[in-house]
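Participant: I am attaching a structure below and will ask some questions about it afterwards.
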Amino acid sequence: MASFNASESRGSRRNADVGIYYETSAADLSSDRAIYPSQDGLRVTQRVFNIGLKRRCLEPSDLQDAYAGWQPVPDDGPSSLDVEGRVELEDQQEEYVVDVATGEKRKRYLSSDEPNSLWVPLRQLFLDELLRFEGLGDSLPDLKCGCCSARAPSRFFRCSDCATFVQCEGCVRTRHGSQPLHLLKEWTGSFWKNITLQDLQVVFQVGHGGLSCPAPDPVPRRMVVLHPNGIHTVNYRYCQCDLSARANNLQQLLRTGWYPATTVDPATCATFQCLDLYRMLNVVGNINVHDFVGSLERLTDATKITKIPDRYKAFGRMSRQWAHLMRLMRTGGGHNRAGVAATGKGATGLLCWPCPHDEKNIPKDWRDVAPEFKFLYMLILAMDANFRLKNRMRKNERDDPTFGPGWGYMVAERRYKKHLRKYVAEKDVSSCIAFAALLQKDTRMTTGLRVSGVGAVVCARHEVVRPQGVGDLQKGERYSNMDYIFLSAILGIMALYLAVSYDIACQWQVNLRSRIGKMPKRLQPPAELEMQFALPVWHASAHESACATKNSLSYMPGAGKTDGEGIERTWSELNPAAWSTKEMGNGARHDALEDRIDHHNWERNISQGDTLARKLVVAIEERDRQVEAFAEVDKTLKSDLKKEWQQRIDDWLADRTRPSPYGAEGGKKSGPSEAAVRRELKKDELRDGREGVYRKGHTAFLAAGMQLEQIQYVHNQVRAQGQNFIELRLSFLAKLKTFRNLQDRHMPGAIRRLEEEDERRDADEPAPNPEDIKLWMPSELTSAEREEECAEGLGDREAKLRLAQCTNALDTLRLRLHAKRHLISFRNSHVVGQKHATRSSTLIGMVGERIETLTVKYRRARLALLELEGAVYCEEHGLRALADGDVRLDEEWESDGKARHRLAKIRNSKHRHANEPTVSSKKKTFSWIWTSGDGPEADAEGLHEAVRVEWSKAKARRDRWVEEVQLLREEMRRVMRFLQWQAAWWEAQRKARGTEIQPEVAAGVEAYAARQAALHRGIARRFKAGWEASRSAVDSRIFAEDLLAESMSSFLAAERPSPDDGEESEEEGEERGGEGNAISPEPQGDAEEGPLDGLYARDALDA
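Going by the numbering used here, the sequence shown opens with residue -4, and the numbers climb by one from there.
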């Protein structure tokens, strides 16, 4: 019924009762009656208005859903997240072991428990048992058949798959008539030799599970069967009894568990177990078909005495088909009444369980939620390009279509190529991005390549690849490619809010709406979809300062602590497939990537039980910390000032063309930023390349070295604090390996120096720690050595980068000093009590650490400049030696010293006074850093701007962490709803095929659906049980399980050869683009990594 009803009735003295009735609900309507008499008094007009009540905005807990009010991981007080401390405590657990001989107790530490040390004395025992297995063993004194007890049989055997007992020939034939793939050995009188059931003339009967057939095929056939224990040649017969009328030869093989390599007279099969094993080894261990089949051949006969049939190509076909069928089964393709051919686009792709999916895992009335909670139902995606996953053109290549075009994660190729034909000469221009992904797109070497890489869209928070979210790139990262992939990935979404993280979002979003209007209608999103765009957190630092503060994901309301870098971790899992897929045909490559991505998505989903719990524990801890930190900053300011600053943030959120409130405004910079210098140098490289001078990659190499210097400094700080940082060292060594590869190209002389150092070092002397390794930048060589050992112009380029590093460090240093003085001043004036004093001191300490980092950064860059250009150059640019006494504001040390003395007496003082800091009676002087590079002559305006920026950033950090806790809990609810929905969906599929199919197939269809439903219900129970535990219980369980696994994972990742090993085309060293990315996305400027990176990066005052 409409919310508004109106009716008029006219009555007179002769017809007073008109009889009008309104069917209303008191809960929904409010009725008002108006009576209007006519002027002559003969008529009365009545109007009744049924006005619908205004819909009330709901909180998430008020929505109509079973999980709306459920709160996973409830708070139960503070919990410690000192992971390194936990490692130390666990390593120091004590045990007492009683010596049986003496009866004395001895102390043992678990960290010194070495199982191998207990095994070494028992080597002889193990070796003897292995040798004993080569003989008759327990059968030696009394040789008889273990089955029929026949004594001293003429021929006796042993089966490696049954047991170690001896069997006579008759028993072997009987037992293995239905087990044709067991491994047999025959005793020759001296040793055991391999023998096959084919040698014993055993014929396996298919169609009856190995049992006898009343009417078998009279002619035995020969089949090569691949099984996990080797490659077998088996004699077999088809069934020709009544059963064969219901099952042809292919069906008989499949019902035996053998997958045929061809559909016409197959001579090769692989068992289901073998295909399952290979698929798991392929997606987890990157084992290819060649290595797997080669391993089976060596298992069968490593001596190569017997000829083993070559089934490499046949197994490649079977494994590809098998993986495709498994994806269809797991997504219900076998339960489609219309058949496999009716599979829809993206139907075989796994959805992300925690992401919002309308009608699956969010409440039906989610649109009624209050505006401040809309972000809980916002879909956050990340997109990027990867240039490792290339594909070459091959001579005489045959047509090789994919099995499911557009069914899974790859876009439908035919429509995609038809779209790209319209954009052959597309031109995209970038004016911001430092690593120039767009500028390089037309200069990449793509000769001989069908595909130069892939573009993809994943959910930014959980790294699950979207269905139809992957597409091939033909020539770099063009808008025409990425637009199509993006729109395919969001096709059919019902969300009203969408956030997209992209490392070139600042440029890509320009004119996106107009480009979407030119796309096919089926790809165009609904007009009501609200889209926001942002830069990933670490990539944002490579952009210009104004661009980064405007577009960083850190400042997007509703994004929580999403970093947008998850897609880089997705690439790290897919990149190992680059070498094998590079040579594949087009269709085989697509199917291989589909299977890799499918496994990746499943792993991401099934790990959410622990992942979300771990993130929530960290988020709650950090939320509380950031709330307290912001409160400390906030209460130092006047309310009018805070309203003004808040209004500035609100205005910027309403109109992003305004200046960002998260960046300083109005102050002069000492010089161009590091990002700007790197961009200009990159343009020089491109210009030199057109003129025939090769300098490509110099800037990326130098930026990588400067990045490694900063990481070494951070590691030295961590070591000074006595923390365990093995994982950080392993990560650094992996980056250093990539840097050395670049250095070999740009500074070959430095590589020779490293080799000479290794030769001179004493073999008994331990290798230097990673943080102490000398990088050998050009500035670490003399002028003559640079001339001889460095590429032309390399020293000049480093000088430009070092100059920018110095000026940027001074600019940021001044900002931090302003902020520190404000905090100290407030503490001295207003802080009373141990609790508040500790909080203030912690906050001041955080700023102090940043100041120290910037000081070291400036000194390091200036020393490099002195070596490269000399002292005169530094003086001309106002870069003096930075002493400890120069890093100050007036009054700071005096006031801070008084405050610390005062705080030391807090416990003994009954009366506390908020004394103002005194100013020295001597003449007020400025440190040179305040006049260098046209710095401010007076600091009042600078102080105000610095505090405003810090307040805005602190508020953003607080808001993002509060959002993160809310998002994580809502994601847990969504996972539970999705699993519940998925189980119900599978239950509905039990009878989906109807009664038109064979009863045996119908029974299998129903059983598989029932098993899948039970599987998802079981996962839901496990997740919920873990999430309903208290915060401290989840904290202890999750982190204790992860410590060893994460350490081992990092070690193996460092040891595993990367795709960079071996051959590499010249452009691949810089493929993901230019400066700052030559190694990997890292914090730039004065941001460092923390020991909890990978869970969340700890925010400091200037994050």
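For glycine and all other residues, C-beta sits at the position ideal for the given N, C-alpha and C.
(1) How would you label R383, buried or exposed, when you count the other beta carbons within 10 angstroms and need 16 or more for buried?
(2) In three-state terms, what does DSSP make of Y550?
(3) When DSSP labels each residue in this structure, what does K638 get in the three-state scheme?
(4) Need the endpoints of the alpha helix (DSSP H) that E760 sits in, please.
(5) If you compare alpha carbons, which of E181, E982 and A490 is closest to K369?
(6) Using the three-state DSSP reduction, which class does A695 fall into: helix, strand or coil?
(7) For the stretch 496 to 521, list the alpha helix (DSSP H) runs that are entirely contained and at least 4 residues long, ordered along the chain.
(8) What is the DSSP secondary structure of M388, reduced to helix, strand or coil?
(9) Assign L808 to buried or exposed, taking buried as 16 or more other Cβ atoms, counted over all protein chains shown, within 10 Å of its Cβ.
(10) Mind reading off the beta-carbon distance from H177 to C142? Whole number of angstroms is fine, and I expect it under 8 Å.
(11) Got a sec, what are the start and stop residues for the beta strand (DSSP E) C157 sits in?
(12) Indicate whether T576 and E458 have their beta-carbon atoms separated by less than 9 Å.
(13) Assign T777 to one of two classes, buried (16 or more other C-beta atoms within 10 Å of its C-beta) or exposed (fewer than that).
(14) When we look at the beta-carbon of E589 and count the other beta-carbons within 10 Å, is it buried (16 or more) or exposed?
(15) DSSP puts R312 in a beta bridge; with which residues?
(16) Look at the alpha carbon of I601 and the alpha carbon of S314, and state the distance between them as a whole number of angstroms.
(17) On the premise that Y411 lies in contact with G466, defined as a C-beta separation below 8 Å, what is that separation, rounded to the nearest angstrom?
(18) Give me the DSSP bridge partner(s) of F528.
(19) Are there 16 or more other CB atoms within 10 angstroms of the CB of R508, so buried, or fewer, so exposed?
(20) Thinking C-beta only, is E959 closer than 9 Å to K513?
(21) If you compare alpha carbons, which of K852, N244 and G130 is closest to T802?
(22) Should H285 be labelled buried (16 or more other beta-carbon atoms within 10 Å of its own) or exposed?
(23) If you draw a straight line from the C-alpha of A698 to the C-alpha of I615, how long is it?
(24) Please return the same chain residues whose Cβ sits closer than 7 Å to the Cβ of V198, not counting the five positions on each side in sequence.
(25) What number of angstroms, rounded off, separates the C-alpha of A380 from the C-alpha of V167?
(26) Could you pull the DSSP bridge partners for H227 from this structure?
(27) What residues in its chain sit with their C-beta under 7 Å from that of R792, if we drop five residues either side in the sequence?
(28) If you measure between the beta carbons of L728 and P773, is that distance less than 9 Å?
(29) Residues in the same chain with beta-carbon distance under 7 Å from P223, minus the five sequence neighbours each way, listed in chain order, please.
(30) Keeping to the same chain, check which residues put their C-beta closer than 6 Å to that of L179; ignore five residues upstream and five downstream.
(31) Let's test the definition: count the other Cβ atoms within 10 Å of the Cβ of F287 and tell me whether it reaches 16, buried, or not, exposed.
(32) Given G80, which residues of its chain have a CB within under 7 Å of its CB, disregarding the five upstream and five downstream residues?
(33) Below 8 Å, how does it come out for the stretch 396 to 413 and the stretch 337 to 347: are there three or more Cβ pairs, yes or no?
(34) The beta strand (DSSP E) that contains N381, what's its start and end?
(35) Drop a sphere of 10 angstroms on the beta-carbon of V279, count the other beta-carbons inside from all chains shown, and report buried for 16 or more, exposed for fewer.
(36) Would you call the stretch 636 to 647 and the stretch 967 to 983 touching, i.e. three or more CB-CB distances under 8 Å?
Facilitator: If we stick to the structure as given:
(1) With 16 or more Cβ atoms within 10 Å of its Cβ, R383 is classed as buried.
(2) It is helical.
(3) In the structure shown, K638 falls within a helical segment according to DSSP collapsed to helix, strand and coil.
(4) Looking at the DSSP string, E760 is not in any alpha helix (DSSP H), and its letter there is neither H nor E.
(5) The candidate whose alpha carbon is nearest that of K369 is A490.
(6) Helix, per DSSP.
(7) As far as the stretch 496 to 521 is concerned, its whole alpha helix (DSSP H) runs of at least 4 residues are 500 to 503 and 507 to 512.
(8) Reduced to three states, the DSSP call for M388 is coil.
(9) Burial state of L808 is buried, judged by a 10 Å Cβ sphere holding 16 or more other Cβ atoms.
(10) Taking the Cβ atoms as the reference, H177 lies roughly 14 Å from C142, outside the contact range of under 8 Å.
(11) Segment: none, C157 is in no beta strand (DSSP E) and carries neither H nor E.
(12) Judged by their CB atoms, T576 and E458 are not nearer to each other than the 9 Å cut-off.
(13) Classification for T777: exposed.
(14) So E589 counts as buried.
(15) Note: R312 sits in no beta bridge, so no partner.
(16) Taking C-alpha positions only, I601 is separated from S314 by approximately 24 Å.
(17) Yes, G466 and Y411 are in contact; Cβ-Cβ is about 6 Å, under 8 Å.
(18) According to DSSP, which records beta bridges pairwise, F528 is partnered with V495.
(19) Looking at its Cβ environment, which holds fewer than 16 other Cβ atoms inside 10 Å, R508 is exposed.
(20) No, Cβ-Cβ distance for K513 and E959 is not below 9 Å.
(21) Considering only K852, N244 and G130, the residue with the shortest C-alpha distance to T802 is K852.
(22) Classification of H285: exposed, given that the 10 Å Cβ count is below 16.
(23) Cα to Cα, the separation comes out at about 36 Å.
(24) The beta carbon of V198 sits closer than 7 Å to the beta carbons of P215, N230, Y231 and R232 from its chain, once the five residues preceding and following it are set aside; these are given in chain order.
(25) Straight-line measurement puts the Cα of V167 at about 59 Å from the Cα of A380.
(26) Beta-bridge pairing links H227 to V220.
(27) If we look at R792 and ignore the five residues flanking it on each side, its Cβ neighbours are L676, H693, T694 and L697.
(28) Annotated as distal: L728 and P773, with beta-carbon spacing of 9 Å or more.
(29) Taken in chain order, the residues that qualify are Q268, C269 and L272.
(30) Taken in chain order, the residues that qualify are F152, C154 and I190.
(31) Per the 10 Å Cβ criterion, buried.
(32) With a pLDDT of only 39 at G80, under 50, the local geometry of the prediction cannot be trusted, and the value read off the model is given with reservation. Cβ within range, chain order: n/a, list empty.
(33) In short, these stretches touch, since the Cβ pair count reaches three.
(34) According to the DSSP assignment, N381 belongs to the beta strand (DSSP E) that extends over L374 to N381.
(35) Counting the other CB atoms within 10 Å of its CB gives V279 a total below 16, which places it among the exposed residues.
(36) Touching, no, given that fewer than three Cβ pairs across the two stretches are closer than 8 Å.
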